[in-house]
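Its first residue numbered 1, the sequence shown is counted upward by one per residue in the UniProt record's numbering.
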Amino acid sequence: MENKILAKVGEKEITQEDLNIALKYAPREQAAQFNTLEGKKYLLNEMIMQELIYLEAKDKGLDKDAAYQKELEALKENLLKQHAINQLLKSVVVEEKEAREYYTSHPNQFQQGESVRARHILIHEEETAKGALEELKSGKSFEEAAAELSECPSRAQGGDLGYFEKGKMVPEFEKAAFELEVGQVSDLVKTQFGYHIIKLEDKKEATVVPFEQVKGQIISYLEKNLQNKKVVEHANQLREHYPIVIHEDQLV
Numbered sequence: 001m002e003n004k005i006l007a008k009v010g011e012k013e014i015t016q017e018d019l020n021i022a023l024k025y026a027p028r029e030q031a032a033q034f035n036t037l038e039g040k041k042y043l044l045n046e047m048i049m050q051e052l053i054y055l056e057a058k059d060k061g062l063d064k065d066a067a068y069q070k071e072l073e074a075l076k077e078n079l080l081k082q083h084a085i086n087q088l089l090k091s092v093v094v095e096e097k098e099a100r101e102y103y104t105s106h107p108n109q110f111q112q113g114e115s116v117r118a119r120h121i122l123i124h125e126e127e128t129a130k131g132a133l134e135e136l137k138s139g140k141s142f143e144e145a146a147a148e149l150s151e152c153p154s155r156a157q158g159g160d161l162g163y164f165e166k167g168k169m170v171p172e173f174e175k176a177a178f179e180l181e182v183g184q185v186s187d188l189v190k191t192q193f194g195y196h197i198i199k200l201e202d203k204k205e206a207t208v209v210p211f212e213q214v215k216g217q218i219i220s221y222l223e224k225n226l227q228n229k230k231v232v233e234h235a236n237q238l239r240e241h242y243p244i245v246i247h248e249d250q251l252v
């Protein structure tokens, strides 16, 4: 595709490629707006204004300003450091075989504990809670009772709390929920929040997360570790080539 010239400010040409780069790095929330014709016109005008400010700064000699030069050198130094690190780490690659070996040798990291799915009705007053339990025993549906009587926001979902593992709920609630059979409704369970009536909807046994689900995470984790190790090892080697003087007594 031809790299068309969209504008010229002084001797500076603003091309289609320049605009495309600006679009690429535009804030995500503005990207859709800038991809319209009007948005591109607006962005081009912004680029023109920025170029005008740049030209004026050059004319005023602001590029010779000491503070600017110091900041520019710091930016250049940081860019060079990052470029050097990127070059050093290009060879760090973790293969699927290595990820699978890690997965196999660290089984505890990929276990998914036993979980249950439960509904509950939360009522602060004991007598009111006892009345709700009697309604359930008389045949009222749990979802309907939760929607009408529960004082927990989950009432909007018929008291459904979704799936949860051990350690996610207060101890009294957790113990009661995990001891129920699927379809069973508890007696009143007192916690710091009030009185609960719990219905167990489903139970999942502890399982091991399949390798394919965590392969990407393992590879990223191993790559990060290898990269950190390589940078530290390389920096330690460089200590033999460049003089270092540390003034720890000056630390505050």
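Every residue, glycine too, gets a C-beta built ideally from N, C-alpha and C.
- Among the bridge pairs identified by DSSP, K12 is matched with V9.
- Shown here for P107: same chain residues with a beta carbon closer than 8 Å to its own, the five before and five after excluded, namely V208 in chain order.
- Rounded to the nearest whole angstrom, the CA to CA distance from V94 to A129 is 57 Å.
- Of the residues assessed, G159 falls on the buried side of the cut-off, its CB having 16 or more other CB atoms within 10 angstroms.
- Counting C-beta atoms within 10 angstroms of its own C-beta, Y163 has fewer than 16 neighbours from the protein chains shown and is therefore classed as exposed.
- Assignment of Q237 by DSSP, reduced to helix, strand and coil, places it in the helix class.
- F211 places its beta carbon 7 Å or farther from that of Y102.
- Membership of H83 in the alpha helix (DSSP H) is indicated by the continuous run 66-89.
- Partner residues in a beta bridge of G139, as assigned by DSSP, do not exist.
- Nearest to S115 by C-alpha distance, out of Q16, K12, E179, A84, is E179.
- Pairing F142 with R119 gives a Cβ-Cβ distance under 7 Å.
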